[in-house]
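The numbering used here numbers the first residue of the sequence shown as 30 and each following residue consecutively.
Heads up, the beta-carbon is just placed ideally off N, CA and C, and yes, glycines get one too.
Remember, predicted model here, so these are calculated numbers, not experimental data.
Heads up: the structure comes next, in structure tokens.
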Amino acid sequence: MEILQLHTSIPRQRARIEQFLAASGLRLDEVDYYAALVDEESGDIIAGGGLWRDIIKCVAVADGHQGEALANTIVSHLIARANAEGHHCVKLYTKPQNRQLFESLSFRLLAEAPQAILMETGVGGIGKYSQALRLISAERQAAAAASASLPQAGVIVMNANPFTLGHRHLVEQAAAQVGTLYVVIVKEDCSVFSYAERKDMVSRGVADLANVCVVDGSDYAVSKATFPTYFLKRLSDASDTQMLLDLDLYGRHIAPALGATVRFVGSEPTDALTCRYNKLMQATLPNVRVMQRYEVDGEPVSASRVRMALVKNSLSAAAPLVPPTTLPYLIAHLATRALRTELNTTPKPGLVDSHDNGSHTDMDHAIMMRGIRALHPFFVRLALLGYAPQLPPHGEVVGIGLEAERAMLAATGGVNTHKGALFALGLAVIAAAHAATHAAAMGANPPAFLSATIAALAAAFPDTQGTHGSRAKVEASPVATLKSALDNAREGYARLFADWLPFYAARRRANDTYAPHRTLLRIMAELDDTNIVHRSSVDTMIQVKMQARQLLNDFSEPGLEAMNRSFIMRNLSPGGSADMLSMVVFLYGITRQQLTSCRKYTETATN
């Protein structure tokens, strides 16, 4: 009998799977692959099972076909497929009454709840993770014995998306009650901040607490394997079962491996799912201590408050909610967000946006997004480099920049999507992180401090040769003196801070939907965009400046669309102006609290 793949993305096939599972009292869960045995005469599914990454789900055998070892056939097929995809330890959700059947197939019990059990088979798995935890515990116990500290060990499991003052408060309060506090970081990469970022944030944020140990996360502590509803953040009739599986797995494996007798959690006044999880935890585990949430301005500090501040592009709103060690990660995310904002500004003349590729035949929106994603980890590294009392050595800045460029090209198939933006934003990210350590030195004029810092960083770069900007300067020299990207950086982007940034701030205060469009036009009207010169001539660049100024004075979206069509026909792309728009958006997010009182431009200013 042949095993067939059914596709849940095809409505008719999905309906067949759902009807088959419903007959066994099951529902279709999220799967990447579904395999089925089909009766050759009737065409009915008689056995089936799904696979999501390394988890087998939704296994059932139709009535009348029990005892035919069909489940063995399906499960063996799914294990082989998972192994072929690199998963050498495979998990399985099933009903408690099926435990003996799957134990006969070499599955071992991980956790159980009244309505479901979680099992696994293969090499590694919970045994390997538990052994790693036992080694960590042994080292910590030896250190605790030497210092005669409190004998108890406790655990906090946290996502830290990102690490806030609330998390820090919870850690401090818990650490004072036990000899060793283990902080386990949720490993699933379903958050705004990656697992690597979140673990690093927590490690830096608790480095001064000697009895705190940050532990690697796994597939066994609040993961999509043990608690998938957590990542959807909503209660359902399956939530209790998932929570109980997660808690049972913790109690059976993780707590004993760490020698932990206490589980700490923060009180949860708003999120229904977390509140329910805390209640089940208190009912299930022997020693759970609920710590009161930390508040700022009368409201509990939460990672969601910080993320909302980032969505609103406001470092000043996020900063009071996080430890200083978290700031570089927020700064890096604002830089990445600025690149996405520029890309998604639509329509734009001659530039890639969400509607078309502008004058570019080698890149589109998807390729640009891949370039942005590839650059993000390097913005984090640059922010961490800049977060210091002294400016970083030039060689380290260049080294990270070259790595970032290689990563971008690898992600885009060799297409240079953001080399210019990487240079400008890289300097600005370092400057912003450096400014975060010099609040007193900035005084009442952070933009001036940022400009001077960028100029100091740029001064270390030698004159460029062979770039579009350097060649454009040479070509223009008989008739005009152009400023290249490096020239503008050496001036600390003086025009940006004096004009474009306040202009953008005024448009945002006026709730102008077209604030980025108008700001782009203002930049185009003033910037010596060497990308235009490279694609055409100095005369064309002068014409582009005039056209941008005219459209800014008589702004309309149809006018922008007409300019885009014209630029495409003439193969023009103001890439340098696009880079500066990203810079404006980023620096607005860094400085907006100070700019809110700026009255250089009226609320309705357009030129």
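For the beta strand (DSSP E) holding residue 120, just list the boundary residues, first then last.
-> 118-123
Whether residue 605 touches residue 560 by CB criterion (8 Å) | yes
Give the secondary structure of residue 260 by DSSP, where H, G and I count as helix, E and B as strand, and everything else as coil.
-> Caution is warranted here: a pLDDT of 41 is assigned to residue 260, below 50, making its placement in the model unreliable, and the coordinate value is therefore given only provisionally. The answer is helix: DSSP assigns residue 260 an H, G or I state.
Assign residue 244 to buried or exposed, taking buried as 16 or more other Cβ atoms, counted over all protein chains shown, within 10 Å of its Cβ.
-> buried
Is it right to say residue 262 is buried, meaning 16 or more other beta carbons lie within 10 angstroms of its own, or is it exposed?
-> Only weak support exists for where residue 262 lies, its pLDDT of 46 falling under 50; the coordinates are left without a value.
Could you give the distance in angstroms between the alpha-carbon of residue 430 and the alpha-carbon of residue 295?
-> 40 Å
Does the beta-carbon of residue 359 have 16 or more other beta-carbons within 10 angstroms, so that it is buried, or is it exposed?
-> buried
Contact set for residue 608: own chain, Cβ-Cβ below 7 Å, skip 5 residues either direction = 449, 450 and 453
Determine the DSSP secondary structure at residue 39, reduced to helix, strand or coil.
-> coil
Is it buried or exposed for residue 542, if we count other Cβ within 10 angstroms and need 16 for buried?
-> exposed
Return the first residue and the last residue of the beta strand (DSSP E) that residue 317 is part of.
-> 317-320
Can you name, in chain order, every residue of its own chain whose Cβ lies under 7 Å from the Cβ of residue 310, other than the five neighbours on each side?
-> 276, 292, 294 and 317
When the Cα atoms are used, what is the spatial distance from residue 355 to residue 221?
-> 14 Å
For the alpha helix (DSSP H) holding residue 432, just list the boundary residues, first then last.
-> 423-440
Keeping to the same chain, check which residues put their C-beta closer than 6 Å to that of residue 441; ignore five residues upstream and five downstream.
-> 396, 399 and 400
Other residues of its chain near residue 548: CB distance less than 8 Å, five sequence neighbours each side excluded | 529, 532, 533, 536, 610 and 613
Same chain, Cβ closer than 6 Å to residue 455, neighbours up to 5 away in sequence not counted = 411 and 430
Could you tell me the boundaries of the beta strand (DSSP E) in which residue 87 lies?
-> 84-90
In the structure shown, what three-state DSSP assignment does residue 126 receive?
-> helix
C-beta contact flag for residue 347 and residue 615 at 8 Å = no
By a C-beta neighbour count over all protein chains shown, 10 Å radius and 16 as the cutoff for buried, is residue 227 buried or exposed?
-> buried
When the Cα of residue 210 is compared with those of 199, 63 and 484, which residue comes out closest?
-> 199
Between the region 98-107 and the region 129-139, are three or more C-beta pairs nearer than 8 Å?
-> yes
Is residue 57 helix, strand or coil when you go by DSSP?
-> coil
Bridge partners - residue 295, DSSP secondary structure assignment = 320
In chain order, each beta strand (DSSP E) run of at least 3 residues that lies wholly inside the region 301-372 = 317-320
Roughly how far, in whole angstroms, is the beta-carbon of residue 116 from the beta-carbon of residue 32, given that I think they are within contact range, below 8 Å?
-> That pair is no contact at about 18 Å.
Is residue 47 helix, strand or coil when you go by DSSP?
-> helix
Own chain residues within Cβ distance below 6 Å of residue 235, not counting five before or after = 200 and 241
Counting Cβ pairs, one atom from each stretch, are 3 or more of them under 8 Å apart for the region 75-92 and the region 55-65?
-> yes
Residues that residue 137 bridges to, as DSSP identifies them = 149
Stretch pair the region 479-492 + the region 511-522: three plus CB contacts closer than 8 Å | yes
Which same chain residues, not among the five before or five after residue 119, have their C-beta less than 8 Å away from its C-beta?
-> 83, 84, 85, 107, 108, 111, 112, 149, 150 and 151
In angstroms with no decimal places, state the Cα-to-Cα distance between residue 143 and residue 96.
-> 25 Å
Cβ pair residue 545, residue 378 closer than 8 Å = no
Beta-carbon gap between residue 388 and residue 601 smaller than 8 Å | yes
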